[in-house]
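From first to last, the protein sequence lines stand for chains E and C.
Residue 89 is where the first sequence starts when you use this note's numbering, and the numbers rise one by one after that.
Residue 2 is where the second sequence starts when you use this note's numbering, and the numbers rise one by one after that.
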Amino acid sequence: MSTATETAHHGEHDDHHHHAPAGLKRWLLTTNHKDIGTLYLWFSFIMFLTGGAMAMVIRAELFQPGLQIVDPNFFNQMTTVHGLIMVFGAVMPAFTGLANWLIPMMIGAPDMALPRMNNWSFWILPFAFLILLSSLFMEGGGPAFGWTFYAPLSTTYSSDSTALFVFSVHIMGISSIMGAINVIVTIWNMRAPGMTWMKMPMFVWTWLITAFLLIAVMPVLAGVVTMVLTDKYFGTSFFNAAGGGDPVMFQHIFWFFGHPEVYIMILPAFGIISHIIPTFARKPLFGYASMVYATASIALLSFIVWAHHMFTTGMPVAAEMFFMFATMLISVPTGVKVFNWVATMWRGSMTFEIPMLFAIAFVVLFTIGGLSGLMLAITPVDFQYHDTYFVVAHFHYVLVTGAVFSIMAAAYYWLPKWTGVMYDNTLAKWHFWASLVSVNVLFFPMHFVGLAGMPRRIPDYALQFADFNKWISIGGFAFGLSQLIFLALLIKACRKQGEPATSQVWDGAEGLEWEIPSPAPYHTFDTPPLIK
Amino acid sequence: MNLIKKTMAAVLTFFFSMSIWAQTIDASQRSDLNLRAGVTEISNEVYDLHMLMFMVCVGIAVVVFGVMFVSMYLHRKSRGVKPANFHESVKVEIAWTVIPFIILIAMAFPAAKTLIAMEDTSEADLTILVTGSQWKWNYRYMDSGIEYFSNLATQREQINNKFEKGENYLLEVDRPLVIPTGQKVRFLITSDDVIHSWWVPDFAVKKDANPGFINEAWTNVIEPGVYRGQCAELCGKDHGFMPIVVIAKSPDDYAQWKADEISAIETAKAEEERLLSMNMSMDDLMANGQKIYLAKCAACHMPNGEGLPGVFPAIKGSDLALNDRAGHIDILLNGRTGTAMQAFSKQLTLSEIAAVITFQRNAWGNNTGDIVQAAEVHAYANGQ
Numbered sequence: 089m090s091t092a093t094e095t096a097h098h099g100e101h102d103d104h105h106h107h108a109p110a111g112l113k114r115w116l117l118t119t120n121h122k123d124i125g126t127l128y129l130w131f132s133f134i135m136f137l138t139g140g141a142m143a144m145v146i147r148a149e150l151f152q153p154g155l156q157i158v159d160p161n162f163f164n165q166m167t168t169v170h171g172l173i174m175v176f177g178a179v180m181p182a183f184t185g186l187a188n189w190l191i192p193m194m195i196g197a198p199d200m201a202l203p204r205m206n207n208w209s210f211w212i213l214p215f216a217f218l219i220l221l222s223s224l225f226m227e228g229g230g231p232a233f234g235w236t237f238y239a240p241l242s243t244t245y246s247s248d249s250t251a252l253f254v255f256s257v258h259i260m261g262i263s264s265i266m267g268a269i270n271v272i273v274t275i276w277n278m279r280a281p282g283m284t285w286m287k288m289p290m291f292v293w294t295w296l297i298t299a300f301l302l303i304a305v306m307p308v309l310a311g312v313v314t315m316v317l318t319d320k321y322f323g324t325s326f327f328n329a330a331g332g333g334d335p336v337m338f339q340h341i342f343w344f345f346g347h348p349e350v351y352i353m354i355l356p357a358f359g360i361i362s363h364i365i366p367t368f369a370r371k372p373l374f375g376y377a378s379m380v381y382a383t384a385s386i387a388l389l390s391f392i393v394w395a396h397h398m399f400t401t402g403m404p405v406a407a408e409m410f411f412m413f414a415t416m417l418i419s420v421p422t423g424v425k426v427f428n429w430v431a432t433m434w435r436g437s438m439t440f441e442i443p444m445l446f447a448i449a450f451v452v453l454f455t456i457g458g459l460s461g462l463m464l465a466i467t468p469v470d471f472q473y474h475d476t477y478f479v480v481a482h483f484h485y486v487l488v489t490g491a492v493f494s495i496m497a498a499a500y501y502w503l504p505k506w507t508g509v510m511y512d513n514t515l516a517k518w519h520f521w522a523s524l525v526s527v528n529v530l531f532f533p534m535h536f537v538g539l540a541g542m543p544r545r546i547p548d549y550a551l552q553f554a555d556f557n558k559w560i561s562i563g564g565f566a567f568g569l570s571q572l573i574f575l576a577l578l579i580k581a582c583r584k585q586g587e588p589a590t591s592q593v594w595d596g597a598e599g600l601e602w603e604i605p606s607p608a609p610y611h612t613f614d615t616p617p618l619i620k
Numbered sequence: 002m003n004l005i006k007k008t009m010a011a012v013l014t015f016f017f018s019m020s021i022w023a024q025t026i027d028a029s030q031r032s033d034l035n036l037r038a039g040v041t042e043i044s045n046e047v048y049d050l051h052m053l054m055f056m057v058c059v060g061i062a063v064v065v066f067g068v069m070f071v072s073m074y075l076h077r078k079s080r081g082v083k084p085a086n087f088h089e090s091v092k093v094e095i096a097w098t099v100i101p102f103i104i105l106i107a108m109a110f111p112a113a114k115t116l117i118a119m120e121d122t123s124e125a126d127l128t129i130l131v132t133g134s135q136w137k138w139n140y141r142y143m144d145s146g147i148e149y150f151s152n153l154a155t156q157r158e159q160i161n162n163k164f165e166k167g168e169n170y171l172l173e174v175d176r177p178l179v180i181p182t183g184q185k186v187r188f189l190i191t192s193d194d195v196i197h198s199w200w201v202p203d204f205a206v207k208k209d210a211n212p213g214f215i216n217e218a219w220t221n222v223i224e225p226g227v228y229r230g231q232c233a234e235l236c237g238k239d240h241g242f243m244p245i246v247v248i249a250k251s252p253d254d255y256a257q258w259k260a261d262e263i264s265a266i267e268t269a270k271a272e273e274e275r276l277l278s279m280n281m282s283m284d285d286l287m288a289n290g291q292k293i294y295l296a297k298c299a300a301c302h303m304p305n306g307e308g309l310p311g312v313f314p315a316i317k318g319s320d321l322a323l324n325d326r327a328g329h330i331d332i333l334l335n336g337r338t339g340t341a342m343q344a345f346s347k348q349l350t351l352s353e354i355a356a357v358i359t360f361q362r363n364a365w366g367n368n369t370g371d372i373v374q375a376a377e378v379h380a381y382a383n384g385q
């Protein structure tokens, strides 16, 4: 490893620490949880912009009826890769980045438990996405079967580049599993003395549960992509009825991964919001214990609801009812969480800094997404909603104004701790309000076109959907542009331009990470703090 | 606490009046904002269920957001409020776990009832086999042997913005499905290639067409009319271009249509026999072949015959079209398993197949000079 190239602002460290080399090598070889957290977060932001650019292509094509900009085959590649990138490249790595930065600081640990694996789990990711993106330039194009890659569209009828898609999904899965192992081992073994389970910060709790979900379901995804691989290239018939297989079995296996996956993308968000609201309400989180139990219940229930994605595939009535009732049941613990946040705000002393604005937007808009989810749970009506823009509206409300807004809230909330300077408040306000307005212009009318009968994943549509689609596209372009404000703000903050931040940063903030200086030193908690 | 009670009362009143307002909306009107109530008993039940769920959700949203916004107004630091310090209340927490649970149970009953009715496909008056394939539907009447394909009827030029778009742009087909009103029509739904999904919103019927398996659905349409839908499961390149049109006719009109269809089948058979013994000229074959090519082949192999490299093979300059005459006839008749190439023996007549093969062997510089006649295709099909 490196020889010590001590940089000036790391002055307070003990001599025995190896300090990172400068330049590219620092980032390539780093085992420091803060560096790796930063890498994950920047990677995720780059992927967010890449996947967003694809969404811009989709919205440009759908701006008016008729085929104008891309051909239908390329359109399908855009929807597919947009979904894959946003799920595996933007949201999941962002949460892993936040876990890297925050979990050791929140539990008083010096680093993640497995720092070399940590480096590895990040650095395989860029290759996974380079492979995926490169497939777009191959003969026949990249994956065009939707991010859910239903067989046999993804097997017999897919383009020759499908092997690259399979390989890249394998790498993403390995990366996620390694990240999850690291989180579990760290939380299990490295909490500061006195930090009992029920004293753990909510973000740590939600990530611990998320990590178990990841370990449970990522191998299932790996299994199903492998079956796609062998069906396509090696003559197996897992999903081919002619050889004794069943295309619907693909969907069962995929959604057994896929449904816990959506909770993987929202549980850490619940954790983040459970930090931000108490800080700015200046009041402890209401119902900490019930938050923990609700998170665990959601995680357990997430394993028995997968077939609600498949009501139209032709299941026995008994199965349809089971999955309908189980799905409805999930709204109980989710409701508990929302009620707890509102009760935390009740009789607090609130201020509305940017993280709080994002958190409030999260509570309202995620709840809208949750309520449309409850409507989707009702099987007989789901027959009408299924595979329409109503579903697209639903999952973008929970994933964009849910997961992505929570990540932005987290970025604003902890940025001063990471960089040592306050973010540019003017830019931040522009970013928040522009995003809030545009995201609703973008996604809310999708409910209407969906109910009126517009199927999802179509490059062209009937004339009665034209007006709303125009508005949706305008909202989409505006939302995309708004994120460039965020980019400018982040660059400014990383260049340390701004008011210096105190170690507490927010006057209502509580937790170990607010007891160390801002910016957080390269190494923290060499000796564990004692929790009262 | 008084404030909470008052807020709750106001919210409940609002919720109640909203639900009355919702019921006054004419359920049958077609809306661009909302689900259609549709034209069957089931679709009306589904619509009512949808509105009930919607209103419950609006009610919950109004209560939750209402309390939150009241709190954001009252409990802000700028008003000089000192924060309280409570952080749990077993009673409240039990209440807001149990109450939603009760609401859910109340919603589960009507949902289950409708679901059971929707899935009861027994005692149908008429059964129709619906088969999806890339990117068209096939309808087969199990009682009479009437069978035909239903293709998108919107012109390419409209899609490519060369012509003005018609009223039913992308929602029109060459041969709609025809069903009688007032009878229970059962659909057996399957697929020849990838998964499709047969969806007619006005019937509240959406069922996946899975290759190798048969799904069931049913409808009983009250009023005659034309009802339009689309494929609802991503099925490849032209997923957006395989609409469904169903014409519901009164039983008398339906019987007339059925009789006409059956006699048309007889006429077509006779015509086929006649053409079999006829030799068409090159020009006729080319003209006819081009028409069929653009309608049936160009979606994959492209109007210029070059295909989509890596996905759909080119015909222009291909070995099959230049040299292997028997292989060319074979692939048209039987398709190629394990690829998107369908068997066209059911979709095209022998003379149409002959014309399109002649066209493919002479268009785009293929210039083989080959003329394929219906008799040759007929001979090949019968194993000579």
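Glycine is no exception: its CB is placed at the ideal position from the N, C-alpha and C atoms.
Pick helix, strand or coil for residue i, following the three-state DSSP scheme.
{"i": "K320 of chain E", "result": "helix"}
{"i": "I26 of chain C", "result": "Note that I26 of chain C scores 44 on pLDDT, short of 50, meaning its location in the model is unreliable and no value can be drawn from it."}
{"i": "Y228 of chain C", "result": "strand"}
{"i": "M303 of chain C", "result": "coil"}
{"i": "D284 of chain C", "result": "helix"}
{"i": "D209 of chain C", "result": "strand"}
{"i": "T615 of chain E", "result": "coil"}
{"i": "S123 of chain C", "result": "coil"}
{"i": "S352 of chain C", "result": "helix"}
{"i": "T41 of chain C", "result": "strand"}
{"i": "R31 of chain C", "result": "A caution first: R31 of chain C carries a pLDDT of 49, below 50, which makes its placement in the model unreliable, though a value can still be read off. Coil at R31 of chain C, not helix or strand."}
Would you please verify whether the beta carbon of residue i is less than 9 angstroms from any beta carbon of chain E?
{"i": "Y228 of chain C", "result": "no"}
{"i": "F102 of chain C", "result": "yes"}
{"i": "N169 of chain C", "result": "yes"}
{"i": "Q348 of chain C", "result": "no"}
{"i": "P181 of chain C", "result": "no"}
{"i": "H240 of chain C", "result": "yes"}
{"i": "D209 of chain C", "result": "yes"}
{"i": "N305 of chain C", "result": "no"}
{"i": "R187 of chain C", "result": "no"}
{"i": "F87 of chain C", "result": "yes"}
Could you please give me the residues that DSSP links to residue i through a beta bridge?
{"i": "Y140 of chain C", "result": "C:V131 and C:Y149"}
{"i": "I180 of chain C", "result": "C:A249"}
{"i": "A218 of chain C", "result": "C:F188"}
{"i": "V201 of chain C", "result": "C:V206"}
Measure how close the beta-carbons of residue i and residue j come, nearest whole angstrom, since I'm counting them as under 8 angstroms.
{"i": "D209 of chain C", "j": "E234 of chain C", "result": "6 angstroms"}
{"i": "S192 of chain C", "j": "S134 of chain C", "result": "7 angstroms"}
{"i": "T318 of chain E", "j": "F358 of chain E", "result": "Contact flag wrong, Cβ pair sits at about 38 angstroms."}
{"i": "L503 of chain E", "j": "Y511 of chain E", "result": "5 angstroms"}
{"i": "T182 of chain C", "j": "I223 of chain C", "result": "7 angstroms"}
Under 9 angstroms, Cβ to Cβ, is there at least one residue of chain C near residue i?
{"i": "L569 of chain E", "result": "no"}
{"i": "I592 of chain E", "result": "First, the residue type needs correcting, since residue 592 of chain E is Gln and not Ile in the sequence shown. No, its Cβ sits nowhere closer than 9 angstroms to a Cβ of chain C."}
{"i": "M534 of chain E", "result": "no"}
{"i": "D548 of chain E", "result": "yes"}
{"i": "G490 of chain E", "result": "no"}
{"i": "W434 of chain E", "result": "yes"}
{"i": "G563 of chain E", "result": "no"}
Hey, which unbroken runs of the alpha helix (DSSP H) at 4 residues or more fall wholly within the segment 305–347 of chain C? 320–323 and 326–335
Beta strand (DSSP E) runs contained entirely in the segment 193–252 of chain E, provided each spans 3 or more residues: none
Taking only runs of the alpha helix (DSSP H) that begin and end inside the segment 142–181 of chain E, which ones reach a length of at least 4 residues, in chain order? 160–172
If you scan the segment 465–527 of chain E from start to end, which runs of the alpha helix (DSSP H) of 4 or more residues do you find wholly inside it? Taking only runs of at least 4 residues, the alpha helix (DSSP H) segments lying wholly in the segment 465–527 of chain E are 467–473, 477–486 and 493–507.
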